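Here is the structure we will look at, set down as structure tokens.
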Amino acid sequence: MEQLPGFVTQGEYGKVCHLKKSLQSTAGSTLLIVYVDDIVITGTDYAGISSLKSFLHTKFHTKDLGQLKYFLGIEVNRCKKGIFLSQRKYILDLLAETGKLAAKPCSTPVVPNLHLMKDDGDPFNDPGRYRRLVGRLNYLTVTRPYIAFAVSVVSQFMSAPTVKHWAALEQILCYLKEAPGLGILYSNRGHSHTECFADAD
């Protein structure tokens, strides 16, 4: 780990810091997430969090909004089982913007046996719109990882999308419409293994 700016000792340039313990998963650790002018502070060291908030308030005009409920399109809900993250509002806004709120939901993000190719049909009339939608769907994989494959497929055609590629994007939207409130549960049971379920042979 390199020395942080402002903490370099005179005549000791090019030196590095020696970590006495891991920076991750330490008891009493605090995590600070900054996006432009929004900040999330979380951790188990409540005194440290309080001290950090006081320090930031002396340097900047800050407003404590309490427990995290919504951040960058991600809804945060605490429950008995842990912390549940979803992007329900983000999905509903996306469906409204694309005119798919009234569309019929579907049960899969990809049409079975669909094979998309580069020059597959007529060009789509608004490639910029196609790219924006792929980007927004890519952000959804944060809480909906099971659409990652479908999004990776449609992202291959961002330079010259066709009408058929757009239809594949619409399929993903209709799949999201079926259950917009799904998300990821970070369990408070303390285990760190991943649980997955599949009905494939």
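Residue numbering for the sequence shown follows our numbering, beginning at 14 and increasing consecutively. Just so you know, even glycine gets a beta-carbon here, dropped at the ideal spot from N, CA and C. Since we're looking at a predicted model, the values are computed, not measured.
Extent of the continuous alpha helix (DSSP H) to which residue 162 belongs: 161 to 168
Residue 1 - DSSP class collapsed to helix/strand/coil: Because the chain here runs from 14 to 214, residue 1 falls outside it and cannot be looked at.
Terminal residues of the beta strand (DSSP E) in which residue 98 lies: 95 to 99
Identified DSSP bridge partners for residue 200: 95
Terminal residues of the alpha helix (DSSP H) in which residue 68 lies: 59 to 72
Beta carbon of residue 103 nearer than 8 Å to that of residue 150: no
Cβ-Cβ separation, residue 198 to residue 95 (assumed contact under 8 Å), whole Å: 6 Å
Identity of the residues DSSP links to residue 8 by a beta bridge: Outside the displayed range of the chain (14 to 214) lies residue 8, so it cannot be described from this structure.
Spatial neighbours of residue 134 in its chain, beta-carbon cut-off 6 Å, leaving aside the 5 residues before and after: 175, 176, 177
Ordered list of alpha helix (DSSP H) runs contained in the region 120 to 179, each at least 4 residues: 140 to 153, 161 to 168
Reference residue 165, options 51, 98, 22, 148, closest by Cα: 148
Residue 72 classed as buried or exposed, judged by whether at least 16 other C-beta atoms fall within 10 angstroms: exposed
CB of residue 75 within 8 Å of CB of residue 81, strictly: no
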